[in-house]
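Accompanying notes for the structure given below.
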Amino acid sequence: MVIDSTGLKVFGEGEWKVKKHGKERRRIWRKLHLAVDSNTHEIICADLSLNNVTDSEAFPG
């Protein structure tokens, strides 16, 4: 099994206001954790978390 994660930038409602009025707001980041079977490439488990959660915290034990 292979475990890895990637960061995702989440755009919320009102994103058009940023483009229209030029004010930059802080974006929300999330992490997508995946556990994949290395032989079949099948996703065994997936978890979406806050950006400060590690892989070992998302998939303990």
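Here the numbering used here is used: the first residue of the sequence shown is 6, the next is one more, and so on.
We put the CB at the ideal spot given by N, CA and C, even for glycine.
Per DSSP, Thr45 has no beta bridge partner at all.
With a threshold of 16 other beta carbon atoms within 10 Å, Ala63 meets it and is buried. By the Cβ-count criterion, His46 is exposed, with fewer than 16 other Cβ atoms from all chains shown falling within 10 Å of its own Cβ. For Val15, the enclosing beta strand (DSSP E) starts and ends at 7-15.
Annotation: Leu53 to Leu37 spans about 5 Å, alpha carbon to alpha carbon.
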